[in-house]
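Q: Numbering follows the UniProt record's numbering, with no gaps: position 424 of the sequence shown is 424.
Every residue, glycine too, gets a C-beta built ideally from N, C-alpha and C.
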Amino acid sequence: MLHKFHIPVLGLGFSIDTPLKVARYGISSVVSVVDDDLIERMREFHCLQNDMLYHPIAKTEPDARARRITAYLNLLNELVNTQFDDLLRQPFTGENDIDQYFNLLPVSSPIKQGYELMNEYPEGESKQIFGRILKTRMQVGAIDVNIMAKVDKLNFDANGDYAGDENSDALSALRAFAMSDLDSSVVLSAGMNPRLYSYIEKFGDFFPDKNGRLKKRIILKVSDYRSAFIQAKFLAKKGLWVSEFRIESGLNCGGHAFATDGLLLGPILEEFKLKRGEMQEELYALYLGTLLTKGLVCDKMPPQRLSVQGGIGTANENDFLIQHYQLDATGWGSPFLLVPEVTNVDDETLMHLAGATQDDFYLSNSSPLGILFNNFKNSSAERQRLQRIEQGRPGSPCTKKYLCTNTEFTEQPICTASRKYQALKIFELQAAAINDDEYQARYEAITEKVCLCEGLCASVYIKNGLLKPKESTAVTICPGPNLAYFKNIYSLEQMVKHIYGDEDLLKNTNRPNIFINELNLYIDYLKKDIALYVQTLNEKKGKYLIKFKEQLQQGINYYKQLIPKLTNETQAYIENTYRELILSEQQLSLLDL
Numbered sequence: 001m002l003h004k005f006h007i008p009v010l011g012l013g014f015s016i017d018t019p020l021k022v023a024r025y026g027i028s029s030v031v032s033v034v035d036d037d038l039i040e041r042m043r044e045f046h047c048l049q050n051d052m053l054y055h056p057i058a059k060t061e062p063d064a065r066a067r068r069i070t071a072y073l074n075l076l077n078e079l080v081n082t083q084f085d086d087l088l089r090q091p092f093t094g095e096n097d098i099d100q101y102f103n104l105l106p107v108s109s110p111i112k113q114g115y116e117l118m119n120e121y122p123e124g125e126s127k128q129i130f131g132r133i134l135k136t137r138m139q140v141g142a143i144d145v146n147i148m149a150k151v152d153k154l155n156f157d158a159n160g161d162y163a164g165d166e167n168s169d170a171l172s173a174l175r176a177f178a179m180s181d182l183d184s185s186v187v188l189s190a191g192m193n194p195r196l197y198s199y200i201e202k203f204g205d206f207f208p209d210k211n212g213r214l215k216k217r218i219i220l221k222v223s224d225y226r227s228a229f230i231q232a233k234f235l236a237k238k239g240l241w242v243s244e245f246r247i248e249s250g251l252n253c254g255g256h257a258f259a260t261d262g263l264l265l266g267p268i269l270e271e272f273k274l275k276r277g278e279m280q281e282e283l284y285a286l287y288l289g290t291l292l293t294k295g296l297v298c299d300k301m302p303p304q305r306l307s308v309q310g311g312i313g314t315a316n317e318n319d320f321l322i323q324h325y326q327l328d329a330t331g332w333g334s335p336f337l338l339v340p341e342v343t344n345v346d347d348e349t350l351m352h353l354a355g356a357t358q359d360d361f362y363l364s365n366s367s368p369l370g371i372l373f374n375n376f377k378n379s380s381a382e383r384q385r386l387q388r389i390e391q392g393r394p395g396s397p398c399t400k401k402y403l404c405t406n407t408e409f410t411e412q413p414i415c416t417a418s419r420k421y422q423a424l425k426i427f428e429l430q431a432a433a434i435n436d437d438e439y440q441a442r443y444e445a446i447t448e449k450v451c452l453c454e455g456l457c458a459s460v461y462i463k464n465g466l467l468k469p470k471e472s473t474a475v476t477i478c479p480g481p482n483l484a485y486f487k488n489i490y491s492l493e494q495m496v497k498h499i500y501g502d503e504d505l506l507k508n509t510n511r512p513n514i515f516i517n518e519l520n521l522y523i524d525y526l527k528k529d530i531a532l533y534v535q536t537l538n539e540k541k542g543k544y545l546i547k548f549k550e551q552l553q554q555g556i557n558y559y560k561q562l563i564p565k566l567t568n569e570t571q572a573y574i575e576n577t578y579r580e581l582i583l584s585e586q587q588l589s590l591l592d593l
């Protein structure tokens, strides 16, 4: 990678076609493949936009989900390669797209330095030769694909018969990526799914060719070292190499949040830094042994990258993370929701995001998956949810059924955000002999769930004029809390320059350091968890909460040693960050267990 950052997956639709907007500049991004209906509609849209023939794949056709995803990924690949070829044919004028390619690169990039040197040459043959050499060094950004490993709905045919393991949502999406033309990575997130991980072994592109090269690569999005190592060993024993560990903050991120047991980002990164080499050696031994049994050869250890994402806000933070923890790259997600060139955020939601305060971003239980979810108070989906409750009809019509996991009342799974489930659950609640306060608390817990399948797609339909009659316009959006510090709408160039320190979009903004921000999120999380269980605390939960608090304190002790090492910051910043750390420690000490 020529760039030192990537754009992670953003909901279902917000980054669904981001590669078409950034890949030609060498910037890698990640596309969600959960919703094949969205994918099919976007394939039609981009075919029409580019005067290409569109052959629909009906949902009723054999293997429709996988074929739809493969067709869309192939289209993205074709269009991006066409864009890049067009860019390579452009002359260097200082104003062409090819000049923008080099302008966006970091100052440290050798080919950017070469570009600037070329521009000092007078017009003539030497300059043209220089330009041709530079063009051979240019790279297109990767079109990576995200699969939430445990979002793996089982599917049934028209007769109600089980369609088989290989036609579950996650496995069919994996098959679609494996059968595509892409030379890129699948990002596996949201925990380990042994059935899915074992299925990868069926596809040859995940194994090295005679030169030891992988056409399809595996990235694991993880929140701690232990789980990363367990997952990677499982894969290595099948001859599958993890090409990158993408470490994400447990709470200081967008989308679903997976809180660690009080483990903070700094100590997690430190453990990876200290044990990275040891882990690679053990994984390579397992990997090589399995390859030999398959008759495959791998003469040297394949590259294994390490990156981090979640809550990074400044160039100084970005640089410190890369240098101190010896990382290969960082991920910048939520800030790109404020970049209309890059993501699909409708105008109304965009204005609300740009004017939001810290109180507008909160951790909720609104996801039907039962996983904490970063929510935005001013979203139109939240307004719709409250209106439906007022009208006595809580819940959503369930049309897509991607998150149907509950069998409490039905034989086949239904979604906890659906009107059907909430009506059944409220009816059950009404029969319970409980006081008014408990009733209200349970009622709010039931009706807090929102439809993500429609809400996370609505914005892309609105922005591109693709809404169908009677289709919901309620937008769900799930930025990380760090977005509260970004107060405007930006261009791609502005955001990239901010990441690399050539421009400061947060100038004069009072924003704590990334590590302090995350620490405070964890203290608030623990505080709420204690309050939730204070009346029903048992021994097991008590031990969990004590361990959680102890690990937060260990993280604070680690940061006391780390903060003086923030050598790329001013002394005033370092002293203020240390004061904020001590204040956070005092808040933690007040939590009684």
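Look at the alpha carbon of Thr-405 and the alpha carbon of Asn-576, and state the distance between them as a whole number of angstroms.
A: The alpha-carbon atoms of Thr-405 and Asn-576 are separated by roughly 47 Å.
Q: Going by beta carbon distance, what residues of the same chain come within less than 8 Å of Lys-238, once the five residues before and after it are set aside?
A: Contacts found: Tyr-197, Ser-198, Ile-200, Glu-201, Thr-290.
Q: Using a 10 Å radius around the Cβ and a threshold of 16 neighbouring Cβ atoms, would you call Tyr-559 buried or exposed?
A: Its Cβ being crowded by 16 or more others within 10 Å, Tyr-559 is buried.
Q: Taking buried to mean at least 16 other C-beta atoms within 10 Å of its own C-beta, is Glu-213 buried or exposed?
A: Looking at the sequence provided, one finds Arg at residue 213 rather than Glu. Exposed, by the Cβ-count rule.
Q: Could you pull the start and end residues of the beta strand (DSSP E) that Gln-309 belongs to?
A: Unbroken beta strand (DSSP E) run through Gln-309: 305-309.
Q: Helix, strand or coil, according to DSSP, for Ser-198 in the structure here?
A: It is helical.
Q: Use the C-beta contact count for Tyr-162: other C-beta atoms within 10 angstroms, 16 or more gives buried, fewer gives exposed.
A: It is exposed - the Cβ of Tyr-162 has fewer than 16 other Cβ atoms within 10 Å.
Q: Please identify the residue among Lys-153, Asp-183, Pro-564, Glu-278 whose C-alpha is closest to the C-alpha of Leu-76.
A: Comparing Cα positions, the closest option is Asp-183.
Q: Locate the beta strand (DSSP E) running through Phe-130, then write down its first and last residues.
A: From DSSP, Phe-130 is part of no beta strand (DSSP E) but of the alpha helix (DSSP H) over 125-137.
Q: With a CB to CB cut of under 8 Å and the five nearest residues on each side skipped, what residues in its chain are close to Leu-79?
A: So the list reads Leu-20, His-46, Asn-50, once near-sequence residues are dropped.
Q: From Leu-154 to Arg-388, what distance separates their C-alpha atoms?
A: Going by the C-alpha atoms only, they are around 30 Å apart.
Q: Roughly how many angstroms lie between the CA atoms of Ala-158 and Ala-190, to the nearest whole one?
A: Approximately 30 Å, taken between the alpha carbons.
Q: Can the beta-carbon of Ile-556 be found closer than 8 Å to that of Ile-563?
A: Taking 8 Å as the Cβ cut-off, Ile-556 and Ile-563 do not qualify as a contacting pair.
Q: Please list the terminal residues of the continuous beta strand (DSSP E) segment that includes Tyr-362.
A: Element bounds for Tyr-362: 361-364.
Q: Under the three-state reduction of DSSP, which class applies to Ser-589: helix, strand or coil?
A: Helix at Ser-589.
Q: Alpha carbon to alpha carbon, how far is Ala-66 from Asp-165?
A: So the alpha carbons of these two residues sit roughly 13 Å apart.
Q: My guess is that Ser-28 and Asp-144 are in contact by the Cβ rule of under 8 Å, so how many angstroms apart are they, rounded?
A: Confirmed, about 6 Å.
Q: If contacts are defined as beta-carbon pairs under 8 Å, then Cys-478 and Gly-254 qualify, I think. What distance do you get, rounded to the angstrom?
A: That belief holds up - the Cβ atoms of Cys-478 and Gly-254 are roughly 5 Å apart, short of 8 Å.
Q: Is the beta carbon of Gly-262 less than 8 Å from the beta carbon of Leu-552?
A: Contact: yes.
Q: Cβ atoms of Ala-531 and Ala-381: under 8 Å apart, would you say?
A: For Ala-381 and Ala-531, no; Cβs fall outside 8 Å.
Q: According to DSSP, which residues form a beta bridge with Asn-406?
A: Beta-bridge pairing links Asn-406 to Ile-414.
Q: Nearest-angstrom Cα distance between Asp-63 and Val-34?
A: Spanning the two alpha carbons is a distance of roughly 15 Å.
Q: Taking the DSSP output, what are the residues bridged to Thr-330?
A: According to DSSP, Thr-330 bridges with Phe-5, Val-308.
Q: Assign Leu-53 to one of two classes, buried (16 or more other C-beta atoms within 10 Å of its C-beta) or exposed (fewer than that).
A: Leu-53 comes out exposed.
Q: If we count the other Cβ atoms within 10 Å of its Cβ and call it buried at 16 or more, is Arg-226 buried or exposed?
A: Arg-226 should be labelled exposed.
Q: Only counting the same chain, and skipping five residues up and downstream in sequence, which positions put a Cβ closer than 7 Å to that of Leu-466?
A: Only Arg-41, Phe-45 meet the Cβ criterion.
Q: Sorted by chain position, which residues of the same chain lie with C-beta nearer than 6 Å to Leu-424's C-beta, five sequence neighbours on each side aside?
A: Excluding positions up to five away in sequence, the list reads Phe-409.
Q: By Cβ distance below 6 Å, which residues in the same chain neighbour Tyr-284 in space, the five residues on each side in sequence not counted?
A: So the qualifying residues of the chain are Met-301.
Q: Based on DSSP bridge pairs, tell me the residues matched to Asp-144.
A: Answer is Val-30, bridged to Asp-144.
Q: Who are the Cβ neighbours of Ser-584 in its own chain at under 8 Å, not counting the five residues just before and after it?
A: If we look at Ser-584 and ignore the five residues flanking it on each side, its Cβ neighbours are Ile-516, Leu-519, Asn-520, Ile-523, Ile-556.
Q: Taking only runs that begin and end inside the stretch 17-80, name each unbroken alpha helix (DSSP H) of 4 or more residues, in chain order.
A: With a minimum length of 4 residues, the continuous alpha helix (DSSP H) runs that stay inside the stretch 17-80 are 19-22, 36-49.
Q: For Asn-344 versus Phe-14, is the C-beta distance shorter than 8 Å?
A: Cβ distance < 8 Å, so Asn-344 and Phe-14 count as in contact.
Q: Within 10 angstroms of the Cβ of Pro-194, are there 16 or more other Cβ atoms? Answer buried if so, exposed if not.
A: Exposed is the call here.
Q: For Asn-375 and Val-308, I'd like the C-alpha separation in whole angstroms.
A: Approximately 22 Å between the Cα atoms of the pair.
Q: Around the C-beta of Asp-152, are 16 or more other C-beta atoms found within 10 angstroms, so that it is buried, or is it exposed?
A: It is buried - the Cβ of Asp-152 has at least 16 other Cβ atoms within 10 Å.
Q: Could you round the C-beta distance between Leu-286 and Lys-233 to whole angstroms and report it? I think they count as a contact, below 8 Å.
A: Confirmed, Cβ separation roughly 6 Å.
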